[in-house]
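Reading through the structure tokens given below for one structure.
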Amino acid sequence: MEKDKVPQDEGITEGISREVQYAVDKDGKYIKVLSKGWEPKNIVNELAWEDIQESVDLADEKIKSGKASPVMHFMAKNQMNATLLADYIELPKWKVKRHLKPKGFKKLNQNQLENYAKVFSISIDELLNFKPE
Amino acid sequence: MKLDFDHIPAGHCENGVISSLLKYHGLNLSEAMIFGIGSGYFFAYMPFVKVNGIPLASFRPVPGMIFTKAAKRLGIKMKKQTFRKQPKRAMDELDKVLEKKLPVGIQSGVYHLSYFPPAYRFHFNAHNLTVYGKEDNSYFISDPVMEYATTLTYEELKKARFAKGPLSPNGKMYYPISIPEEIDLKPAIIKGIKQTADWMLTIPVPLFGVKGIRYLSKRVRKWPEKLGPKRAASYLAQLVRMLEEIGTGGAGFRFIYAAFLQEVAEVMQDDRYNELSKEMTKIGDKWRTFSSLSAKTCKGRSSDPDGYNTIANLMLEIADDEENFFIKLKKLIK
């Protein structure tokens, strides 16, 4: 890629940072060029975010119909699955899966609630009072 | 306390960190040189490793390997420590080393790095950055994929060092403890090139090297039918992100390798490496075309199988190009 062909399409790092792109100058020598971003990357990043949003929406539907607890919403929002969440909470996965259900969620003690809130970077109140829109 | 440390933006985090750590100790080696010597060029398709539920395609070897190999080949001794389930000790040890006026390389998760834009932050744990000082509760951070140096609080850094999930860093930190007075680059370069060529050409498993690219091409062709248009688009999008996103210098490290070959031409006083650098640039350009076509194909999640066939064909072409390239490169180092 030539230096003047390095794309400068505003992307997700807009206003925060530019990224290094390797390209050749007019003498054919490699240099590092700072790039604002590239449209194809914007497209694929958007797709990745659609997927995350979709799993949040799915979680919210389940919560509304009484099939899931607020933990599922925040798990999805934090791009986690039960395995990763269990890793963070330091509990076996089967226990975390119980907490994803309204019945298991009600049984959580203060300490456990605090753990979940901490991992999700929210307050216990936010976790307990979460209502999907 | 803030060390006199140059923040140098780089294409890739791991090489960027090593390159700037060495520079602090008076050894000037570019990111591209470290990348080439450490055999950073690769292709692997690993359906058994999933990121966001999608099989992983990688354009580099496992994290940490480039750095270990480069250090070994250059005769540089690094101190490496991990602290399984001991976050406090990991932070104390970091402080101790900083007090000795040594900048420290850190493996970190990306998800907890507050200075990244939200859209950058996903659960990827093989990121690297340098800590080069501490003041009150905050650490001075040089993250090579960022344009400017930045800071993290104690809690943020601790969280990032103990991110969970695949490739969790377990507080890993590293820094050079001895650097030879004189370094002969030639044997290190030759070892680096030889291993890359062998990996790309001869690993007897169809998931790695040029065989891996051909294997993945076959899968890509079947994605729309097998996964449905929606999921297929997600798979393809992740492939493009692996190629272009978060520090590859563009085209899945192919351009960094071309830059490396130009430096090799100078060290070896051999213009044939410049010719091969040009060839590598063309390969990189084809990967860029691949990314561009793939983005078009997944945009709107269309189910048009032609899009997938076109990019699968392009992958086969690239696999042939990379194969021919490494056969030629291997001949040069004999």
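Residue numbers (this note's numbering), protein chains in the order written: chain F, 1 to 133; chain Z, 1001 to 1334. Just so you know, even glycine gets a beta-carbon here, dropped at the ideal spot from N, CA and C. Since we're looking at a predicted model, the values are computed, not measured.
- Between Z/Ile-1283 and Z/Asp-1320 a beta carbon distance of about 10 Å is seen, past the 8 Å cut, so the two are scored as non-contacting.
- Any Cβ of chain F closer than 8 Å to the Cβ of Z/Asp-1285 would place that residue at the interface, and such an atom is present.
- Considering only beta carbons, no part of the segment 1054 to 1079 of chain Z lies closer than 8 Å to chain F.
- In the DSSP annotation of this structure, Z/His-1123 is not part of any alpha helix (DSSP H), being labelled neither H nor E.
- Distance from the Cα of Z/Val-1264 is smallest, within the candidate group Z/Thr-1153, Z/Ile-1189, Z/Ile-1311 and Z/Val-1240, for Z/Ile-1189.
- Per the Cβ contact rule, the segment 1030 to 1047 of chain Z is in contact with the segment 1179 to 1195 of chain Z (3 or more Cβ pairs under 8 Å).
- In chain order, Ser-17, Arg-18, Glu-19, Val-20, Lys-32 and Leu-34 make up the part of chain F whose C-beta sits under 9 Å from the C-beta of Z/Pro-1009.
- The distance from the Cβ of F/Leu-113 to that of F/Pro-70 is about 10 Å, inconsistent with a contact at the 8 Å cut-off.
- Within the segment 1308 to 1325 of chain Z, no residue places its CB atom closer than 9 Å to a CB of chain F.
- Three or more Cβ pairs drawn from the segment 1126 to 1137 of chain Z and the segment 1088 to 1108 of chain Z lie within less than 8 Å of each other, which places the two stretches in contact.
- Secondary structure at F/Lys-62: helix, using DSSP grouped into helix, strand and coil.
- For Z/Ala-1233, the chain F residues whose Cβ falls inside 8 Å of its Cβ are Leu-47, in order along the chain.
- No Cβ-Cβ contact shorter than 8 Å links Z/Ile-1213 with Z/Gly-1011.
- Considering only beta carbons, the part of the segment 1145 to 1162 of chain Z lying closer than 8 Å to chain F consists of Val-1145, Met-1146, Glu-1147 and Tyr-1148, in chain order.
- Looking at the backbone, the Cα of Z/Gly-1053 and that of F/Asp-87 are separated by about 16 Å.
- Residues of chain F with a Cβ closer than 7 Å to the Cβ of Z/Gly-1250 are, in chain order, Met-1, Gln-21 and Tyr-22.
- In the DSSP secondary-structure assignment, Z/Glu-1244 is not bridged to any residue.
- Annotation: Z/Asn-1028 to F/Glu-90 spans about 43 Å, alpha carbon to alpha carbon.
- Just measuring C-alpha positions, the residue of Z/Lys-1330, Z/His-1025, Z/Ser-1302 and Z/Thr-1289 sitting nearest Z/Ile-1318 is Z/Thr-1289.
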